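The sequence shown runs 11 to 522 under this note's numbering. Note that the Cβ used here is the ideal one computed from N, Cα and C, for glycine as well. Because the structure is a prediction, the values reported are computed rather than measured. Let me begin by presenting the structure, written as structure tokens, before commenting on it.
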Amino acid sequence: MDNQIQLDLEDRLRRLNEIGVALSSVRDLNVLLERILKEARRFTHAEAGTLYLVSGPHLTFEIAQNDKLQIFIGGTHEKVDIPPVPLNKDSVSGYVAVTGETLNIEDVYAEEGRQFEGPSNYDQMTGYRTRSMLVVPMRDHEDQILGVLQLINAYASESNESIPFSSEDESLLESLASQAAVAISNMRLVQETEALFESFVQVMATAIDERSPYTGGHIRRVAELTMAMAHAVNASKTGYFSEIEFDEEELEELRLAAWMHDIGKITTPEWVVDKPTKLTTLFDRIELLRMRFALIRKEFELQIACGELEPEEGQRRIKEVDGEFEFIAQANLPGEFMADADLEYLEKIAAKTFVLNGEEQNYLTVNELENLSIRKGSLTDAERQKINDHASMSIKMLEQIPFTRKLKQVPAIAGAHHEKLDGTGYPQGLQGDEISLQARILALVDIFESLTADDRPYRTESLTRELVLQILQDMVDANHIDREVHEVFKSANLFDKLEDLKAQMARESAKD
Ligand SMILES: [Fe+2]
Ligand SMILES: [Fe+2]
Numbered sequence: 011m012d013n014q015i016q017l018d019l020e021d022r023l024r025r026l027n028e029i030g031v032a033l034s035s036v037r038d039l040n041v042l043l044e045r046i047l048k049e050a051r052r053f054t055h056a057e058a059g060t061l062y063l064v065s066g067p068h069l070t071f072e073i074a075q076n077d078k079l080q081i082f083i084g085g086t087h088e089k090v091d092i093p094p095v096p097l098n099k100d101s102v103s104g105y106v107a108v109t110g111e112t113l114n115i116e117d118v119y120a121e122e123g124r125q126f127e128g129p130s131n132y133d134q135m136t137g138y139r140t141r142s143m144l145v146v147p148m149r150d151h152e153d154q155i156l157g158v159l160q161l162i163n164a165y166a167s168e169s170n171e172s173i174p175f176s177s178e179d180e181s182l183l184e185s186l187a188s189q190a191a192v193a194i195s196n197m198r199l200v201q202e203t204e205a206l207f208e209s210f211v212q213v214m215a216t217a218i219d220e221r222s223p224y225t226g227g228h229i230r231r232v233a234e235l236t237m238a239m240a241h242a243v244n245a246s247k248t249g250y251f252s253e254i255e256f257d258e259e260e261l262e263e264l265r266l267a268a269w270m271h272d273i274g275k276i277t278t279p280e281w282v283v284d285k286p287t288k289l290t291t292l293f294d295r296i297e298l299l300r301m302r303f304a305l306i307r308k309e310f311e312l313q314i315a316c317g318e319l320e321p322e323e324g325q326r327r328i329k330e331v332d333g334e335f336e337f338i339a340q341a342n343l344p345g346e347f348m349a350d351a352d353l354e355y356l357e358k359i360a361a362k363t364f365v366l367n368g369e370e371q372n373y374l375t376v377n378e379l380e381n382l383s384i385r386k387g388s389l390t391d392a393e394r395q396k397i398n399d400h401a402s403m404s405i406k407m408l409e410q411i412p413f414t415r416k417l418k419q420v421p422a423i424a425g426a427h428h429e430k431l432d433g434t435g436y437p438q439g440l441q442g443d444e445i446s447l448q449a450r451i452l453a454l455v456d457i458f459e460s461l462t463a464d465d466r467p468y469r470t471e472s473l474t475r476e477l478v479l480q481i482l483q484d485m486v487d488a489n490h491i492d493r494e495v496h497e498v499f500k501s502a503n504l505f506d507k508l509e510d511l512k513a514q515m516a517r518e519s520a521k522d
């Protein structure tokens, strides 16, 4: 081999290597495919080329480039609907995909014994003249043919004339095509893994949301509104957030954190999730009390009947018992606030005794009194704690997922959605700067979504926009939520976005 050819070959091998490295760093399939074809053409001095991928019983047309006609289709350029090529030996590309053989054709029109319609059709349509052609299979590391690279019209660099592809072109292109196939295969693997994880995340979110009829769809709404907020932060070119721009990876990290923020709720006991009345455990214990008070009443009736009680006094006590049960039934319902006088009355009732099977008992057990005495809502402190545990559980669970470096903040962001700037939040009582901007956004959206939920166990009407805004403003003033994030919230028109989203979700569930 003369020296020049030797040098040229070495140079091409070095470039081939560089291309391999470059291909493995591309993250977008369209960009990757375009790059493969471009490099393949540059490498072999080909004027035009097409890249096909195998898809079921077809080869789909992905990229076409033609310098002479200035045609660039697919990849980062516009896609054109071109019918797929059947996987059989009738076409050049089909032939290569089926047989795995490389075709190096000097002149497609002079090819003996083989008729390929593709090139002549193309030439007729475009006025182009296809002459030499080099078509190689893209074979990955498992020997699977993923596609076909078809290069057209090599030209001599000196004369610019169309020449045949050389045998060096052939072998170099074969290795380039293999490297490309491996890159495509890797990218698909990554995409499949991501899709798998994504569907897992959504299944978990659905499972959690399904546990409560009151909060159904909460997670998806929080996730989508959080992203709307993040984009609004990115869009704000003046003021506090003018310097801040979440990049693609940070956005993805935040999106996943939002989808998984309540993942810890999977461990919250069923009956506390939406405890409908104060006495509910696995069932509403008011039914037990109804029977007990009926029994106490019966006892008074008996005492009247056998003369142990004056009828008048007896009737008074019966009326009293009826009133006490009615009061308890009322107190069992979760309220907004219970007055001191009501609590005292409850204690008085609880302290009364009656005799059952010869044993003296209180009207109410300690636990019943504790539950009925809940001032606000329906949860005891211990139950409230169980609910709040979901945030630390989210952190614990998410920390067990081996997130990639770019997603490593997911557990911290997700786990901080109940933290407050003044340090009174949970589970870690983080303060101020300890709470990331992402977590502040998530926290605000989480509160906003909850406030606008259509109903809750103890709320019959949804709150007005004005009231929601007032509550959020109060939380800003109390240093619970971030003032600047709140400003973005107000200008980003989240109410309308939420309404659109709810309508869309309703349409989707009507379809199911
Ligand atoms: Fe939460
Ligand atoms: Fe939440």
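| Query | Result |
| --- | --- |
| Rounded straight-line distance, which links the Cα of residue 128 to that of residue 164 | 18 Å |
| Heavy atom of ligand 1 within 7 Å of residue 401 beta-carbon | yes |
| Residue 145 (DSSP reduced to helix, strand or coil) | strand |
| Per DSSP, cross-strand counterpart(s) of residue 427 | Answer is none; residue 427 lacks a bridge partner. |
| Residue from 448, 49, 201 and 78 with nearest C-alpha to residue 422 | 448 |
| Which residues DSSP lists as bridging residue 364, in chain order | 371 |
| When 167, 158 and 200 are compared against residue 183, the one with the closest alpha-carbon | 158 |
| Proximal residues to residue 42 (C-beta, below 7 Å), its chain only, five neighbours per side dropped | 33, 36, 193, 194 and 197 |
| Environment of ligand 2 in chain order, Cβ to heavy atom below 6 Å | 228, 232, 271, 272 and 456 |
| Assigned secondary structure, residue 249 (DSSP; H/G/I helix, E/B strand, else coil) | coil |
| Straight-line gap, residue 360 to residue 372 (C-alpha atoms, nearest Å) | 6 Å |
| Three-state secondary structure (DSSP) of residue 421 | helix |
| The region 281–292 contacting the region 430–443, beta-carbon criterion three pairs below 8 Å | no |
| Exposure label - residue 75; buried when at least 16 CB within 10 Å | buried |
| For residue 97, the nearest candidate out of 130, 156 and 53 (CA to CA) | 156 |
| Residue(s) in a DSSP beta bridge with residue 70 | 63 |
| Pair within 8 Å by beta-carbon distance, residue 226 and residue 234 | no |
| Residue 109 in three-state terms, based on DSSP | helix |
| As assigned by DSSP and simplified to three states, the class of residue 165 | strand |
| Residue 256: first and last residue of the uninterrupted alpha helix (DSSP H) it sits in | From DSSP, residue 256 is part of no alpha helix (DSSP H); its letter is neither H nor E. |
| CB contact flag (residue 496, residue 454, <8 Å) | yes |
| Nearest neighbour of residue 386, chosen from 502, 352 and 39 [CA to CA] | 352 |
| Any non-hydrogen atom of ligand 1 closer than 7 Å to residue 490 Cβ | no |
| Sequence-distant residues of the same chain with beta carbon closer than 7 Å to residue 40, five excluded per side | 85 and 86 |
| Where residue 413 sits in the DSSP three-state scheme | coil |
| CB-CB length for residue 267 against residue 424, believed under 8 Å | 4 Å |
| Neighbourhood of residue 51 by C-beta distance below 7 Å, restricted to the same chain and skipping five residues each side | 59, 75 and 161 |
| Three-pair Cβ contact test at 8 Å for the region 289–300 versus the region 327–342 | yes |
| Test item: CB-CB of residue 73 and residue 189 under 8 Å | no |
| Nearest neighbour of residue 185, chosen from 211, 151 and 202 [CA to CA] | 151 |
| Whole runs of the alpha helix (DSSP H) within the region 286–357, excluding any shorter than 4 residues | 296–315 and 321–342 |
| Simplified DSSP state of residue 79, which is helix, strand or coil | coil |
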